[in-house]
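Numbering (our numbering), first residue to last: 172 to 342.
Presented below is the structure to which this report refers.
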């Protein structure tokens with residue numbers, strides 16, 4: 172006989188309700204009604220614009236994030252019933268802080284530095300890196316990467332002037 176205080180052991184995809192093990196709703200669904208003596212848990216799909224990522228006994232799905240255009244955000248991946256929407260900053264912008272709720276304009280990368288797209292998405296600082304040996308940037312830009320030096324050998328020519336981090340090779 173079950174007594175209050177006795178631990179009911181349920182499986183991972185179940186939960187205890189009034190001394191019984193009820194099934195949790197699968198990802199993409201929410202609970203409508205809990206199980207009873209004769210019926211199992213009743214679940215329904217998340218409404219449009221909402222999601223539930225895990226097995227749950229919640230009666231509500233979470234709303235998808237909104238990528239606010241006026242905050243500099245665009246949709247990277249549209250949300251569905253099991254995943255939230257993923258936002259990213261518009262080109263020429265980067266996250267203002269680690270939560271990335273708003274974006275700020277990149278400062279231009281100076282000559283000798285190139286724009287690195289992966290840094291723009293992942294970091295808060297302006298996404299510029301010095302041009303590595305064999306590459307150059309001769310412009311100040313918010314979006315231009317470092318470009319490789321011209322290969323004189325591929326063109327059947329010889330190097331007339333060596334390249335730098337701000338200038339291409341002259342063949």
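Beta carbons: idealized from backbone N, C-alpha and C, even for Gly.
Quick caveat: nothing in here was measured; it's all calculated off a predicted structure.
Return the chain-ordered list of same chain residues with a C-beta closer than 6 Å to the C-beta of residue 332, the five sequence neighbours on each side being excluded.
To locate residue 332, count along the chain shown from 1; it is residue 161. The answer, listed in chain order, is 341.
Distance between residue 246 and residue 258 (C-alpha atoms, nearest Å):
Walking along the chain shown from the start, residue 258 turns up at place 87. Walking along the chain shown from the start, residue 246 turns up at place 75. Looking at the two C-alpha atoms, the distance is approximately 5 Å.
Could you compute how far the alpha carbon of residue 281 sits from the alpha carbon of residue 235?
In the chain shown, counting from the first residue as 1, residue 281 sits at position 110. In the chain shown, counting from the first residue as 1, residue 235 sits at position 64. Those two C-alpha atoms are separated by around 38 Å.
Output the distance between the C-alpha atoms of residue 322 and residue 310, rounded to the nearest integer angstrom.
Walking along the chain shown from the start, residue 322 turns up at place 151. Walking along the chain shown from the start, residue 310 turns up at place 139. Computed Cα separation, rounded: 20 Å.
Coarse secondary structure for residue 325, derived from DSSP in three states
Position 154 of the chain shown, counted from the first residue, corresponds to residue 325. Three-state DSSP puts residue 325 in a helix.
Does the Cβ of residue 200 have 16 or more other Cβ atoms within 10 Å, making it buried, or fewer, making it exposed?
Translated into the one-based positions of the chain shown, residue 200 becomes position 29. Burial call: buried.
In this structure, what does DSSP give as the bridge partners for residue 312?
For the purposes of this step, residue 312 is taken as residue 141 along the chain shown, with counting starting at 1. Its beta-bridge partners are 280.
Have a look at 252, 315 and 256 and flag the residue whose alpha-carbon is nearest the alpha-carbon of residue 277.
Position 106 of the chain shown holds residue 277. Cα-wise, what sits closest to residue 277 is 315.
Would you call residue 189 buried or exposed, if buried means 16 or more other Cβ atoms sit within 10 Å of its Cβ?
The count along the chain shown starts at 1 and reaches residue 189 at position 18. Residue 189 should be labelled exposed.
Would you call residue 249 buried or exposed, if buried means 16 or more other Cβ atoms sit within 10 Å of its Cβ?
Mapped onto the chain shown, residue 249 falls at position 78. Exposed, because fewer than 16 other Cβ atoms sit within 10 Å of the Cβ of residue 249.
Can you find the residues in the same chain that come closer than 6 Å, C-beta to C-beta, to residue 181, ignoring five residues on each side of it along the sequence?
As a working mapping, residue 181 is identified with position 10 in the chain shown. So the qualifying residues of the chain are 187 and 192.
Which partner residues of residue 332 appear in the DSSP bridge assignment?
In the chain shown, the residue the question calls residue 332 occupies position 161. DSSP, once it has assigned bridges, lists 341 as partnering residue 332.
Which residue wins for smallest C-alpha separation from residue 319, given the options 326, 240 and 334?
By one-based count along the chain shown, residue 319 stands at place 148. Per the Cα distances, 334.
Taking the alpha carbon of residue 239 as the reference point, which residue from 230, 256, 252 and 227 has its own alpha carbon closest?
For the purposes of this step, residue 239 is taken as residue 68 along the chain shown, with counting starting at 1. When each option's Cα is compared against that of residue 239, the closest is 256.
Start-to-end residues for the beta strand (DSSP E) that takes in residue 265
Taking the first residue of the chain shown as position 1, residue 265 is located at position 94. Counting along the chain, the beta strand (DSSP E) containing residue 265 begins and ends at 264-266.
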